[in-house]
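Written below as structure tokens is the structure these notes are about.
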Amino acid sequence: MAGLLGFYQRSLDDKGRLVLPPELRNRLDPQVVMSRWYDNSLALFREAEYSRFAASLHRLGSSDPKIRTARREIFGGACLVGIDAQGRMSVPERLLEGVLMDREKDRDLVLLGDWNKVLIHSGLRYTDMARKDQVNLDEALSSVEMSAREGLPPEDNEEEIVTVSG
Numbered sequence: 534m535a536g537l538l539g540f541y542q543r544s545l546d547d548k549g550r551l552v553l554p555p556e557l558r559n560r561l562d563p564q565v566v567m568s569r570w571y572d573n574s575l576a577l578f579r580e581a582e583y584s585r586f587a588a589s590l591h592r593l594g595s596s597d598p599k600i601r602t603a604r605r606e607i608f609g610g611a612c613l614v615g616i617d618a619q620g621r622m623s624v625p626e627r628l629l630e631g632v633l634m635d636r637e638k639d640r641d642l643v644l645l646g647d648w649n650k651v652l653i654h655s656g657l658r659y660t661d662m663a664r665k666d667q668v669n670l671d672e673a674l675s676s677v678e679m680s681a682r683e684g685l686p687p688e689d690n691e692e693e694i695v696t697v698s699g
């Protein structure tokens with residue numbers, strides 16, 4: 534299955550519903566898991582993908598306080614959300630509180646495809662974050678590229694150093 538990709542701007546309607554763009558809606562199930570996520574955002578997962586993620590988080594145990602915090606926030610902040618035929622979904626108020634800076638003024642959201650999930654950010658917060666990210670993009674991409682190369686077998690790594698002794 535192809536990944537979830539793209540950048541989309543949407544506004545909440547008066548009933549607190551979000552209309553998903555067709556490009557995302559067509560790749561999601563009629564029911565998804567919505568959870569709190571990094572950077573004061575929310576994440577939308579297909580149920581099967583969330584189950585895999587939840588199982589991996591569960592396997593980490595609960596002896597580390599940071600893991601306990603992550604488990605509380607991610608599992609306790611998760612809920613099943615239905616997507617109707619028009620692509621609308623209600624965003625629970627308790628989850629919106631952590632995303633929106635000002636409920637009255639901040640009704641615009643940014644949706645980002647993140648391959649196996651959709652990230653939902655406040656439009657205001659995302660604008661600030663994107664400015665900072667642009668400054669750090671070269672460094673971040675370099676770091677990601679190095680990490681990716683470390684995970685490749687030697688024949689796939691373009692920069693493998695071969696030493697020839699005579």
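Residue 534 is where the sequence shown starts when you use this note's numbering, and the numbers rise one by one after that.
Glycine is no exception: its CB is placed at the ideal position from the N, C-alpha and C atoms.
- Residue state for A535 is assigned as coil, using DSSP reduced to three classes.
- When rounded, the separation of the alpha-carbon atoms in R550 and L593 is 35 angstroms.
- Between R543 and D641, the gap from beta carbon to beta carbon is short of 9 angstroms.
- Between V614 and Q564, the gap from beta carbon to beta carbon is short of 9 angstroms.
- Judged by beta-carbon spacing, D572 lies beyond the 9 angstroms limit of M679, meaning their Cβ atoms are not closer than that value.
- Taken through DSSP and simplified to helix, strand or coil, I600 comes out as helix.
- Within the same chain, and ignoring the five residues on either side of L553 in sequence, the residues whose Cβ sits closer than 6 angstroms to its Cβ are G620.
- Of the candidates S574, A611, L561, S574 places its Cα closest to the Cα of Y659.
- For R560, there is no enclosing beta strand (DSSP E), as DSSP marks it with neither H nor E.
- By the beta-carbon neighbour count (other beta carbons within 10 angstroms, threshold 16), M567 is buried.
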